[in-house]
Structures are given as structure tokens and as C-alpha cells.
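Engineer: Numbering of the sequence shown is given in full-length UniProt numbering, commencing with residue 1 and proceeding in unit increments. All C-beta atoms in this analysis are idealised placements derived from N, C-alpha and C, irrespective of residue type, glycine included. The structure follows.
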Amino acid sequence: MGSQTNLPTENILIGLVFQTLLMVWVINNIPPLVSVVVPLGMLITYYFVARTLQSFGITLDIFYSYYYGWAVYVVSFGYNLLYFDKERQKIKGMFEHYLAPEYINKVTDNPKNLKLGGEEREMTVLFSDIRSFSTLSEKLSPQELVSLLNEFLTPMTNIIMENHGIVDKYIGDAIMAFWGAPIEDPKHPENAVRSGLQMLEKLNELNKTLKNPIRIGIGINTDQMVVGNMGSEKRFNYTVMGDGVNLASRLEGLTKHYGVPFVIAEETQNRVKDSFATRLLDIVAVKGKKKPVKIYQVLGETEKETEFGNLIARTNEALEAYFAQKWTPAEKAFQLLKNTDPYKQYSENFLERIKLLRKAPPGKDWSGVWEMHEK
């Protein structure tokens with residue numbers, strides 16, 4: 001057998017550098033359980049390469065390469081584990097006060113769901129606001145006001161989180177929340193509407209104990225929106241933006257105009273009509289928007305729909321006459337509705353509107369859209 005020649009040192013160094021880069025890439029791009037197989041695969045590869053080179057009279061000592069490979073793997077794996085745990089804690093800190101615990105675990109297990117700069121997806125947004133809050137705040141001391149807000153916001157937040165929503169922010173006495181991110185939720189419209197109903201039910205309970213009972217308005221819309229970490233490099237927030245968000249805010253404002261507590265847009269209604277009883281309120285173009293939208297009041301769960309049957313039927317009858325510009329039948333229908341509707345302001349608005357339209361008929365091409373000039 002001929003003499004053996006050791007592989008040149010520079011070739012060995014090049015191999016070690018390649019091995020290092022490969023192991024670092026493996027650790028950062030392949031799941032841990034799968035990545036363990038790579039060093040084993042490298043050992044087998046080294047063995048066959050060494051046997052092949054030996055037949056050509058070249059000696060390749062796999063001892064150092066093998067243990068060096070495992071050392072790089074262990075160090076890289078440990079660093080990656082510590083870094084990933086740090087990222088988990090960072091994400092948990094971002095969401096622990098805004099998201100249900102089971103959802104936090106899903107987010108920390110899949111941090112790629114938090115795309116920097118935002119991504120577009122279909123979501124549902126809720127806005128709620130306390131009615132006449134300025135007047136209420138004048139009656140209370142700062143301490144009493146803070147106590148009232150905490151007593152109100154705590155159960156409302158819990159309801160949103162229990163229904164898989166995120167509380168985006170508190171705006172004074174107002175709440176903004178959304179569904180459908182960072183974890184995809186195919187039932188986001190339904191979960192949002194259920195939250196709204198539960199919030200109203202909880203408010204009724206709270207008002208029995210409050211010295212100063214409060215009322216709220218809720219607006220919900222479903223649309224394509226942009227969600228993600230937004231803000232500056234030093235300070236950012238996981239939030240949602242888009243025209244759909246603005247419409248949800250406008251719908252919350254419309255609850256004051258129509259005298260009802262809970263308004264949703266047409267797209268949301270289309271998605272939840274099998275689960276919740278609703279009635280058409282109007283067709284409007286909200287302030288700042290030209291595109292009309294049908295708006296609905298959420299009345300309750302569908303299993304309670306028999307309670308709302310007469311209300312829905314009488315509302316539809318009145319609106320049918322109104323949209324057909326049959327002012328006398330419409331006036332009579334809204335007057336009858338007013339006598340039985342617990343939300344009398346709704347009918348009163350239409351009765352006033354009919355008086356205006358009689359004086360200034362909208363014309364044969366009228367689409368029935370009412371332009372809102374206030375938020």
C-alpha cells in the first residue's frame with residue numbers, strides 16, 4: 001500500500017468555515033427536531049468522503065471536523081433558544097393586557113404572524129363610546145371618574161378578550177378593538193357582534209350598582225384592513241388602519257343619531273345574519289364618504305328572534321313606503337312603529353325627515369341614500 005498524504009491545512013480550514021456557515025443556517029431555518037439530523041448526516045458524509053480519499057492516498061481526519069460540527073451546533077442552538085425565548089417574552093409583554101392567554105401562546109409560537117409594517121387582511125373592528133361622557137365627568141371628581149372608568153372598562157375588556165378580540169386602545173372613555181389578527185379567525189364578524197351584545201348585557205348589570213348609570217353606543221364593520229406594527233422606530237403599536245376602521249367609528253357615532261345602542265354595516269350583517277337578529281335601519285353615506293352603506297341594528301341572538309319579529313316587520317314596512325316616496329303611508333307606518341318600538345328616537349327621526357322630503361321631493365331617481373353631515 002502506498003504512502004498516505006494529509007489533506008492540506010487550508011483545505012481543512014475552508015471545510016470548517018463551510019461547516020460553520022451550514023450549521024448556523026440550519027439552526028436559523030430548520031425546526032430544532034429536524035436540525036439534529038444534520039450533524040449526523042455530516043458525520044456519515046465525512047466518513048464516506050474520508051474512505052474515498054483514502055483510496056487515493058489522502059488522509060482526512062474526521063475527528064476534529066465531527067466534534068467541531070457538534071460544538072457549532074450546540075452553541076448556535078443555545079443562542080437561538082435564548083434569542084427565541086427573549087422574543088417570546090417581548091411579544092407576550094406586547095399583548096398580555098390586550099389578548100386572551102390562549103391567543104398569546106399562538107402568537108409567541110408563530111412570531112412571523114407579526115409582520116412589521118403591516119399586512120392586508122379581512123378583519124372586523126368595534127368602537128364603543130359612553131354617551132354624554134363630558135356631562136357625566138362634570139358631576140364627578142377626578143378620583144370618582146377614574147373609578148367609574150375602571151369599573152366599566154375592566155368587564156368590557158374581558159368580554160372582548162374572551163371572544164378572541166384584541167383591545168387596540170382606550171380613547172378616553174371609548175374602546176377600539178379588532179378581530180382577525182394576529183391569529184386568523186374565520187368567525188371574526190360573529191365574535192365581534194357577540195362581544196357587542198355581551199357588553200350591552202353587562203352594562204345593564206353594572207347600571208344596577210352604579211350611582212350614575214351610563215349608556216354606550218357600539219359600531220362594528222367588517223372589511224379589508226391593514227394590520228401590523230405601526231409608528232416610529234422608537235415607539236410603535238400593533239394596530240389596524242383603513243377606510244373600514246373609519247366606517248366602524250362613524251357607525252358608533254350614528255347610534256346617537258338613530259337612538260339605538262348597536263349598529264353594524266352591511267358586510268358584517270351578511271356574515272352574521274344566521275346567528276343574530278337584525279333590522280335594517282337606513283341607507284346612508286357617512287360624513288366624508290360618498291359610497292352608501294346599509295346599516296343594521298343588532299337586536300339579539302337568532303334563537304330570540306320571535307321576540308323581535310313584530311319590530312322587524314313593522315320597520316321593514318315603514319322603510320318600504322319611505323324608499324318608494326309614499327310619504328303618507330310611510331308617515332303612518334313610522335308613527336305606528338314609534339308606539340311599539342323601545343327606540344322611539346329612530347321613528348321620530350324619520351317622521352322629521354319625511355316632513356323635509358315633502359317640502360323638497362328628492363325626485364324619481366332618488367336611491368334612498370341619506371347623507372350624514374355629522375360624525
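Where E120 and L337 are concerned, what is the direct C-alpha to C-alpha distance, given to the nearest angstrom?
Structural biologist: On the sequence shown, residue 120 is found 120 positions in, with the first residue counted as 1. On the sequence shown, residue 337 is found 337 positions in, with the first residue counted as 1. If I take the Cα positions, the gap works out to 42 Å.
Engineer: What residues in its chain sit with their C-beta under 8 Å from that of P361, if we drop five residues either side in the sequence?
Structural biologist: As a first step, residue 361 must be located in the sequence shown, where it is residue number 361. Closer than 8 Å at Cβ, skipping near neighbours: Q325.
Engineer: Which of the three DSSP states, helix, strand or coil, is assigned to L298?
Structural biologist: The count along the sequence shown starts at 1 and reaches residue 298 at position 298. Note on identity: in this sequence residue 298 is Val, with Leu being the wrong assignment. Note: V298 maps to strand in three-state DSSP.
Engineer: Are the CB atoms of S128 and I175 nearer to each other than 7 Å?
Structural biologist: Walking along the sequence shown from the start, residue 128 turns up at place 128. Walking along the sequence shown from the start, residue 175 turns up at place 175. Yes; because the gap between Cβ atoms is below 7 Å, this pair is in contact.
Engineer: Under a Cβ-count criterion, where at least 16 other Cβ atoms within 10 Å of its own Cβ denotes burial, should E201 be classed as buried or exposed?
Structural biologist: On the sequence shown, position 201 is the one that residue 201 refers to. By the neighbour-count rule (16 or more Cβ atoms within 10 Å), E201 is not buried but exposed.
Engineer: Got a sec? Which residues, its chain only, sit under 7 Å from A177 by beta carbon, not counting five neighbours each side?
Structural biologist: Mapped onto the sequence shown, residue 177 falls at position 177. Same-chain partners within the cutoff: L126, I160, G165, I166, V167 and D168.
Engineer: Tell me the start and end of each unbroken beta strand (DSSP E) in the stretch 234-279 that is at least 3 residues and wholly inside, in chain order.
Structural biologist: Fully enclosed beta strand (DSSP E) runs of 3 or longer: 236-241 and 262-265.
Engineer: What would DSSP say about R121, mapped onto helix, strand or coil?
Structural biologist: Against the sequence shown, residue 121 aligns to sequence position 121. Here R121 sits in strand by DSSP.
Engineer: In chain order, what residues of the same chain have a beta carbon less than 6 Å from the beta carbon of Y322, not counting five sequence neighbours either side?
Structural biologist: Working through the sequence shown from its first residue, we reach residue 322 at position 322. Once the five neighbours on either side are set aside, the close Cβ partners of Y322 are A330.
Engineer: Let me know if E371 comes out buried or exposed under the rule of 16 or more other beta-carbons within 10 Å of its beta-carbon.
Structural biologist: Counting from 1 along the sequence shown, the entry for residue 371 is found at position 371. E371 should be labelled exposed.
Engineer: Within 8 Å, do at least three Cβ pairs link the stretch 143-161 to the stretch 244-258?
Structural biologist: These segments do not touch.
Engineer: Closest to D341 by C-alpha separation, out of N150, T154 and N316, would be which residue?
Structural biologist: For this step, residue 341 is matched to residue 341 along the sequence shown. D341 has its Cα closest to that of N316, out of N150, T154 and N316.
Engineer: Identify which residue in F350, P292 and W179 has its Cα closest to the Cα of E162.
Structural biologist: Taking the first residue of the sequence shown as position 1, residue 162 is located at position 162. Nearest C-alpha to E162: W179.
Engineer: Roughly how many angstroms lie between the CA atoms of F350 and A318, to the nearest whole one?
Structural biologist: On the sequence shown, position 350 is the one that residue 350 refers to. On the sequence shown, position 318 is the one that residue 318 refers to. One C-alpha to the other measures close to 9 Å.
Engineer: Note down the Cα distance separating F276 from E190, rounded to an integer number of angstroms.
Structural biologist: Here the question's residue 276 lines up with position 276 in the sequence shown. Here the question's residue 190 lines up with position 190 in the sequence shown. Taking the straight line from one Cα to the other gives about 9 Å.
Engineer: Assuming K291 and E374 make a contact with CB atoms under 8 Å, what is their CB distance in whole Å?
Structural biologist: Position 291 of the sequence shown, counted from the start, is the residue given in the question as residue 291. Position 374 of the sequence shown, counted from the start, is the residue given in the question as residue 374. At roughly 18 Å, the Cβ-Cβ gap does not stay under 8 Å, so K291 and E374 are not in contact.
Engineer: Do G259 and Y346 come within 7 Å of each other at the CB atom, strictly closer than that value?
Structural biologist: Position 346 of the sequence shown holds residue 346. Position 259 of the sequence shown holds residue 259. Yes, the pair counts as a contact, with Cβ atoms nearer than the cut-off.
Engineer: Determine whether the beta carbon atoms of E122 and Q224 lie at a separation below 7 Å.
Structural biologist: Locating residue 122 in the sequence shown gives position 122, counting from the first residue. Locating residue 224 in the sequence shown gives position 224, counting from the first residue. A contact, by the Cβ cut-off of 7 Å.
Engineer: Enumerate in chain order the residues of its own chain whose CB-to-CB distance from G368 is below 8 Å, with the five nearest sequence positions on each side excluded.
Structural biologist: Within the sequence shown, numbered from 1, the residue matching residue 368 stands at position 368. Contacts found: I283, Y322 and F323.
Engineer: Return the chain-ordered list of same chain residues with a C-beta closer than 8 Å to the C-beta of K256, the five sequence neighbours on each side being excluded.
Structural biologist: Position 256 of the sequence shown, counted from the start, is the residue given in the question as residue 256. So the list reads R131 and G217, once near-sequence residues are dropped.
Engineer: Are V298 and T278 touching if we call contact CB-CB under 7 Å?
Structural biologist: Taking the first residue of the sequence shown as position 1, residue 298 is located at position 298. Taking the first residue of the sequence shown as position 1, residue 278 is located at position 278. Against a cut-off of 7 Å, the Cβ pair of T278 and V298 comes out as a contact.
Engineer: Since L136 and N212 should fall inside the 8 Å C-beta cutoff, what is the C-beta to C-beta distance between them, to a whole number of angstroms?
Structural biologist: Reading the sequence shown from its first residue, position 136 is the one you call residue 136. Reading the sequence shown from its first residue, position 212 is the one you call residue 212. Indeed they touch by this definition, with Cβ atoms about 6 Å apart.
Engineer: Does the Cβ-Cβ distance between L118 and G228 come in under 7 Å?
Structural biologist: Here the question's residue 118 lines up with position 118 in the sequence shown. Here the question's residue 228 lines up with position 228 in the sequence shown. According to the sequence shown, residue 118 is Gly rather than Leu. Contact flag set, yes.
Engineer: CB-CB under 6 Å to M241, same chain, minus the five flanking residues each way: which ones, in chain order?
Structural biologist: Start at 1 with the first residue of the sequence shown, and residue 241 comes out as number 241. Excluding residues within five positions, the ones whose Cβ falls inside 6 Å are V226.
Engineer: Start and end of the beta strand (DSSP E) containing W372?
Structural biologist: Residue 372 sits at position 372 when you count from the first residue of the sequence shown. In the sequence as displayed, the identity of residue 372 is Met instead of Trp. Counting along the chain, M372 falls outside any beta strand (DSSP E), and DSSP gives it neither H nor E.
Engineer: So within the UniProt domain "Guanylate cyclase" (124-252), which uninterrupted alpha helix (DSSP H) runs reach at least 4 residues, ignoring any that extend past its ends?
Structural biologist: Correct list: 133-139, 142-162 and 188-207.
Engineer: Would you please state the rounded distance, in angstroms, between the beta carbons of I220 and G196? I believe it to be under 8 Å.
Structural biologist: Working through the sequence shown from its first residue, we reach residue 220 at position 220. Working through the sequence shown from its first residue, we reach residue 196 at position 196. The Cβ separation is near 6 Å, so the contact holds.
Engineer: Buried or exposed, going by whether 16 or more other CB atoms sit within 10 Å of the CB of L356?
Structural biologist: One-based indexing of the sequence shown puts residue 356 at position 356. The residue is exposed, with fewer than 16 neighbouring Cβ atoms inside 10 Å.
Engineer: Name the DSSP beta bridge partners of D282, please?
Structural biologist: Position 282 of the sequence shown, counted from the first residue, corresponds to residue 282. According to DSSP, which records beta bridges pairwise, D282 is partnered with I295.
Engineer: Just curious, the alpha helix (DSSP H) that A333 is in, first and last residue?
Structural biologist: As a first step, residue 333 is located in the sequence shown; it is residue number 333 there, counting from the start. Per DSSP, A333 belongs to the alpha helix (DSSP H) from W327 to T340.
Engineer: What residues in its chain sit with their C-beta under 6 Å from that of W327, if we drop five residues either side in the sequence?
Structural biologist: Against the sequence shown, residue 327 aligns to sequence position 327. The answer, listed in chain order, is I354 and R358.
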